[in-house]
Amino acid sequence: MTKPMRARTVKRKVLAAHRRAARRGRGRSILDFAGEHSLRLDMSPAGYSVSDTRLRHVMAAVERSGVAPYLERRLRQHPGKPCSYRPDILAVGVILSVMNGWTLELTDVTKALAGIHPLTRMELGLHDDDGFFVGYRSVDHQFNRLADALTAGWVDDDGTRCDTQWLIDAIINASVPDDAAALEAVSMDGLALQTWGKMRWPGSFEDDTVAAVTADADDEAYDDRAEFAAPEALVTDEDAPAPKPAKSKKGKTKAAAPKKSEPAWPHSLDDRRPVPTADPDARLGKRTVTESQPTKNYAGYELHLASQVRTAQWEGDPEHITLGDAVPNYVRGMRLTRASEYRAAAGAELVTALKEMHPSLNEALADRGYTQLKAENFHDVVRALGIKLVMDYKTTTLRHAKPYEVATGRRNLKTSTRPTQRVWRTAGGLFHQFMPEEYLDNPALPWKSASERATIEAYYNRRAAYAYRIHSAAGDQLRLVCPGCAGRLRPIDPLVAAATDKLDMPALDVPDGVSTCCVQKVITTTPADRGKHWQEIPYGTTAWARSYGRRALVENTNSVLRNGLARLSRGFFRVFGKDKVSLLVGLALAALNLKMAEKTRRRDEVDVVDHDWDDDSDEADTSVGEADEDVVTPPPRGPAPPGEIGDEPTTE
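First residue of the sequence shown: -3, per the numbering used here; consecutive thereafter.
Here is the structure:
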């Protein structure tokens, strides 16, 4: 057994090798320099190591994002002592920490940077003039300088608006490999992020200062009193109802004793919502109860994700749809909001940003948390971008169909008025006015029982013949063609039906004396006419179920973020403030993409499929990969399947 070298000898050999390598590699990129060293010495504090291949891929993604020049110019003018390494190197450390299976704590980021080869560390500026590693204080200092600059935001010399969201979008977009399929369809979902701050309760503190609350880093168990009764717990003394007078034994009413006043939760100045922790941006919210999340209420944020899914081509058959090739469910975008904040702004902003970066995007899959929003705030914004919505409905939306009047495009020359066309408006779109009454109800589509689902799908498949279909589009107006005039229904005249051999087609429930099925063959609808009900594939049909089943991939991503690669739970990140949390979580999503790309490269190199998520760890985690089947089933450790969410708005 060889005797280990002393630290002074290691330092001297590393410095000498660094000087020789610097003379040989003068003028070369660090991506060319990494991985060519013959000297293998480890100067990291705990002996962690980072492979040169992984380091090259991570650094290539960060450099491909193009954020380094903007950050260097800004931090050069930012107050405070500058660091010896570039700010984008800090992003590399965060990504490496997540890919190695560690947390988003700055201590683990420091370990990730310390695990880089010593010569590469020197080349990146991670050593001081004496050759020692910069350490945790430098990483913490650089992170705070970067976060403060991004929170304030600035406009660069070339007119680029730089802030936290700009950095996140650039790095996530660069983390997707260049040979990945073009983005044409995304699936959206929300994920609850619990803040690090410990829950504080009314009456448990003296004042509203941070010093009066605790953020216990050692207490990993979250306060079980998170099962608070909202909104009763938020009622202040002024809003509380007057206590009922008590009665004595003789039946006489006596005055109730005055209740001692207790301080309430402090409220923020911008949204007037209670701040239950030391985190100034964390708010109270509700989430879906799972095995890993046994409590319904939490304090923190909501992460809005958009994952890539395979394409789908529908040709009008309610029982058939053609799905495209399977694609890895790369995360293509994110937005972070406070818990229980109105989703419309974040969802519409996320889809708009994706459409600007990827003009090929033409389809979005959304769950009930987004489809329950007001149509003018979400649905109309998404459709105006030329993006089709495939969505599920809440139970309150799946009601009995209601009659609706649509103004036709034809104008009466004598009265200068536009006649109206009567239709049924219900979940799934607009239907013919003479649709039989048996199809006016909207039963919910079950996802657990295959037999019940097949029965209800058959009901919706028959009803789809009465739905109005797209004829053409012009701006925000959509022209729809009558199903009777399009030949999908039996003609009203029995002689015509017999002559055209269409007696076996669905019939219209036509009143006596009516000889025409509609006022006009093609009607022009506005966004107000379609509202939140319209989607191209009629709801509940077999084609819709297979198309909406693609949304399970984003549930798979959520499962990996909670229980697999990242384990986004309380304590995974230990910073306060929405911008700092967004910065770390956005880099973690970039690490998820790079990990999926790394696994895809291994699959291409060998024919053996590895079912473990992280080959570097002893524990096999939930994997994120390609969808090999047409109907995708949710992972066993993930949340409930699509359609299993309750009627109230919930956060996954």
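Backbone N, C-alpha and C define an ideal beta-carbon position, used for all residues, glycine too.
On a predicted model such as this, the values are computed, not experimentally measured, just so you know.
Cutoff 7 Å; reference residue i; Cβ partners in own chain excluding five residues on either side
| i | result |
| --- | --- |
| residue 437 | 396 |
| residue 329 | 165, 168, 302, 346, 349, 350 |
| residue 91 | 54, 583, 586, 587, 590 |
Straight-line gap, residue i to residue j (C-alpha atoms, nearest Å)
| i | j | result |
| --- | --- | --- |
| residue 181 | residue 324 | 12 Å |
| residue 383 | residue 357 | 7 Å |
| residue 461 | residue 176 | 38 Å |
| residue 121 | residue 151 | 27 Å |
| residue 261 | residue 269 | 9 Å |
| residue 304 | residue 592 | 13 Å |
| residue 277 | residue 580 | 15 Å |
| residue 432 | residue 309 | 29 Å |
| residue 575 | residue 147 | 6 Å |
| residue 340 | residue 195 | 28 Å |
| residue 154 | residue 286 | 48 Å |
| residue 99 | residue 93 | 7 Å |
| residue 573 | residue 284 | 24 Å |
| residue 64 | residue 364 | 39 Å |
| residue 594 | residue 81 | 27 Å |
| residue 318 | residue 541 | 12 Å |
| residue 49 | residue 533 | 45 Å |
| residue 299 | residue 264 | 21 Å |
| residue 443 | residue 449 | 7 Å |
| residue 530 | residue 367 | 11 Å |
| residue 606 | residue 400 | Confidence at residue 606 is low in this model, with a pLDDT of 40, below 50, so its placement is unreliable and the value that follows should be read with caution. Approximately 55 Å between the Cα atoms of the pair. |
| residue 266 | residue 71 | 29 Å |
| residue 62 | residue 416 | 55 Å |
| residue 136 | residue 89 | 12 Å |
| residue 488 | residue 506 | 7 Å |
| residue 482 | residue 275 | 59 Å |
Close-in-space but distant-in-sequence residues of the same chain around residue i (CB under 6 Å, 5 per side omitted)
| i | result |
| --- | --- |
| residue 371 | 527, 528 |
| residue 354 | 179 |
| residue 314 | 457, 460, 537, 539 |
| residue 518 | 467, 475, 477 |
| residue 228 | Its pLDDT being 39, under 50, residue 228 is placed unreliably in this model, and the value from its coordinates should be taken loosely. Hits under 6 Å: none found. |
| residue 344 | 374, 377 |
| residue 486 | 493, 498, 501, 503 |
Own chain, CB closer than 8 Å to residue i, minus 5 neighbours either side, in chain order
| i | result |
| --- | --- |
| residue 60 | 170 |
| residue 316 | 538, 539 |
| residue 472 | 376, 379, 380, 522, 523 |
| residue 85 | 109, 120, 121, 122 |
| residue 312 | 465 |
Where residue i sits in the DSSP three-state scheme
| i | result |
| --- | --- |
| residue 266 | coil |
| residue 162 | helix |
| residue 555 | helix |
| residue 540 | helix |
| residue 118 | helix |
| residue 526 | helix |
| residue 139 | helix |
| residue 81 | coil |
| residue 656 | Outside the modelled stretch of the chain, which goes from -3 to 648, sits residue 656, for which no answer is possible. |
| residue 329 | strand |
| residue 73 | helix |
| residue 376 | helix |
| residue 440 | coil |
| residue 499 | coil |
| residue 109 | helix |
| residue 396 | coil |
| residue 195 | coil |
| residue 286 | coil |
Contact under 8 Å by Cβ, residue i with residue j
| i | j | result |
| --- | --- | --- |
| residue 385 | residue 378 | yes |
| residue 295 | residue 342 | no |
| residue 455 | residue 423 | no |
| residue 273 | residue 297 | no |
| residue 514 | residue 504 | no |
| residue 83 | residue 138 | yes |
| residue 554 | residue 126 | no |
| residue 563 | residue 190 | no |
| residue 131 | residue 106 | yes |
| residue 508 | residue 402 | no |
| residue 58 | residue 87 | yes |
| residue 188 | residue 97 | no |
C-beta neighbour in chain C for residue i, strict 8 Å
| i | result |
| --- | --- |
| residue 318 | No chain C is part of this structure, which consists of one protein chain only. |
For the region 312 to 332 and the region 141 to 150, state whether three or more C-beta atom pairs, one from each stretch, are separated by less than 8 Å.
-> no
Discussion item. Taking 8 Å as the cut-off, does the region 534 to 553 touch the region 496 to 506 (at least 3 CB pairs, one atom from each stretch)?
Written reply: no
State whether the region 158 to 169 contacts the region 109 to 128, with contact taken as three or more CB pairs (one from each stretch) at a distance under 8 Å. no
Quiz item: So, do the region 449 to 463 and the region 419 to 428 have three or more beta carbon pairs nearer to each other than 8 Å?
Solution: yes
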